[in-house]
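Peer 1:
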Amino acid sequence: QVIFMNGEFVKKEYAKVSVYDHGFLYGDGVFEGIRSYDGNVFRLEEHLERLYDSAKSIMLAIPYTAEEMTDIVVGTLQRNGLRDAYIRLVVSRGVGNLGLDPSSCAQPNVIVIAEKLSLFPKALYETGIEIVSVATRRNRSDVLSPKVKSLNYLNNILVKIEANLAGVPEALMMNEQGYVAEGSADNIFIVKNNKLLTPPGYVGALEGITRNAIIELAARKGYDMKEGVFTRHDVYVADEVFLTGTAAEVISVIKVDGRIIGDGKPGPVTNDLLYAFRELVQEDGVK
Ligand code: PLP
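Per the UniProt record's numbering, residue 4 is the first one in the sequence shown, and the count goes up by one each step.
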């Protein structure tokens, strides 16, 4: 396995970053998780747009154009002989001194890792998963926008720890007002009377690329699909609940905080969109 590091491909065991990198010292940087299916990189343009927007928001200049970055991502896949892969693109502030001032960092570190990964075992896509809601809150969207996919993932990590403690594969985070925001690394959709609802970005959800693809597919299939604010109660009484994310793809949720959702099996709307998504990823992507 080789890893792209600042213009070179480096063997995995030699791919190392300095302890003075502000990504390590302060979580100062941005990243993307991207996926390729049968050699197609799914929605690479959207991922790169989000990456460059995140970087701009934190005043981090990425030393490659989006076109160059496209070639880097595709090149990393090819160099590793991978067709179905999870790709992690990281841009950290780079090496500086111990102070947090980023102006001491001369050059960002740009790293692309591609490997095989599946988040949940295959069987869970057939059965659906159980989740719990947790105490960790999404940070306020007016302070540090959740649209910035930064290397500061501590609240998401705390969500994952709470999920582990509860013995479930994923958990649900509210924002400070108690409205449902998202999972640790995925967006949530609920279905009630054939109407689909997902939290808007300002509630504190990352505008997921998978989420946006599902919104498009739902509209194309004629579902009533809206962004809207909702609470845990609405999740408990939904007919169907599902999560979306690059790593998670589309996965049904059949139990939330002990409440069985619908009849406890992945519902027809979820399955319809899951199959449509699986078709979409085969046809839609950068080769
Ligand atoms: N929410 C958070 C906090 C995430 O980290 C991710 C993963 O990228 C998502 C949602 C899902 O977004 P996407 O579909 O772009 O992977």
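The beta-carbon is built from N, C-alpha and C at its ideal position, and this holds for glycine as well.
Is any heavy atom of ligand 1 found at a distance shorter than 7 Å from the C-beta of T213?
Peer 2: Yes - ligand 1 has a heavy atom lying nearer than 7 Å to the Cβ of T213.
Peer 1: Is K152 near ligand 1, going by C-beta to nearest heavy atom under 7 Å?
Peer 2: Answer for K152: yes, Cβ within range of ligand 1.
Peer 1: So the alpha helix (DSSP H) N167 belongs to, where does it begin and stop?
Peer 2: Residues L157 to A169.
Peer 1: I191: buried (16+ other C-beta within 10 angstroms of its C-beta) or exposed?
Peer 2: Buried is the call here.
Peer 1: Identify the continuous beta strand (DSSP E) that holds V94 and give its terminal residues.
Peer 2: Segment A88 to S95, the beta strand (DSSP E) holding V94.
Peer 1: Just mark I90 as buried or exposed, buried being the case when its beta carbon has 16 or more other beta carbons within 10 Å.
Peer 2: Classification of I90: buried, given that the 10 Å Cβ count is 16 or more.
Peer 1: In three-state terms, what does DSSP make of F245?
Peer 2: Reduced to three states, the DSSP call for F245 is strand.
Peer 1: Compute the Euclidean distance between the alpha carbons of P269 and E133, then round it to the nearest angstrom.
Peer 2: Between P269 and E133, the C-alpha separation is close to 11 Å.
Peer 1: Could you check whether the Cβ of L209 sits closer than 7 Å to any heavy atom belonging to ligand 1?
Peer 2: L209 Cβ: within cutoff of ligand 1.
Peer 1: Would you mind giving the Cβ-Cβ distance between E243 and G265, rounded to the nearest angstrom? I have them listed as a contact below 8 Å.
Peer 2: Confirmed, Cβ separation roughly 6 Å.
Peer 1: Just confirm the distance between the C-beta atoms of I65 and V113, as a whole number of angstroms; I'd bet it's less than 8 Å.
Peer 2: The pair is a contact, with the Cβ atoms about 7 Å apart (cut-off 8 Å).
Peer 1: Go ahead and label V240 buried or exposed: buried means 16 or more other beta carbons lie within 10 angstroms of its beta carbon, across all protein chains shown.
Peer 2: Flag for V240 reads exposed.
Peer 1: Is it true that the segment 43-51 meets the segment 102-109, where meeting means three or more beta-carbon pairs spaced less than 8 Å apart?
Peer 2: Verdict: no, contact absent.
Peer 1: I need the straight-line Cα distance from R53 to V93, nearest angstrom please.
Peer 2: Between R53 and V93, the C-alpha separation is close to 13 Å.
Peer 1: Within the present structure, is the beta-carbon of A58 separated from the nearest heavy atom of ligand 1 by less than 7 Å?
Peer 2: No, ligand 1 has no heavy atom inside 7 Å of this Cβ.
Peer 1: Can you tell me whether D31 is buried or exposed? The criterion is at least 16 other CB atoms within 10 Å of its CB, across all chains shown.
Peer 2: When all chains shown are included, D31 counts as buried.
Peer 1: Whole angstroms are fine: how far does the CA of K152 sit from the CA of S57?
Peer 2: Each residue's alpha carbon lies about 6 Å from the other.
Peer 1: What residue does the alpha helix (DSSP H) around S60 start on, and which one ends it?
Peer 2: It spans L47 to S60 - the alpha helix (DSSP H) in which S60 sits, taken as one unbroken run.
Peer 1: Assign T273 to one of two classes, buried (16 or more other C-beta atoms within 10 Å of its C-beta) or exposed (fewer than that).
Peer 2: Per the 10 Å Cβ criterion, buried.
Peer 1: What does the alpha-carbon distance come out to for the pair T73 and N159?
Peer 2: Each residue's alpha carbon lies about 28 Å from the other.
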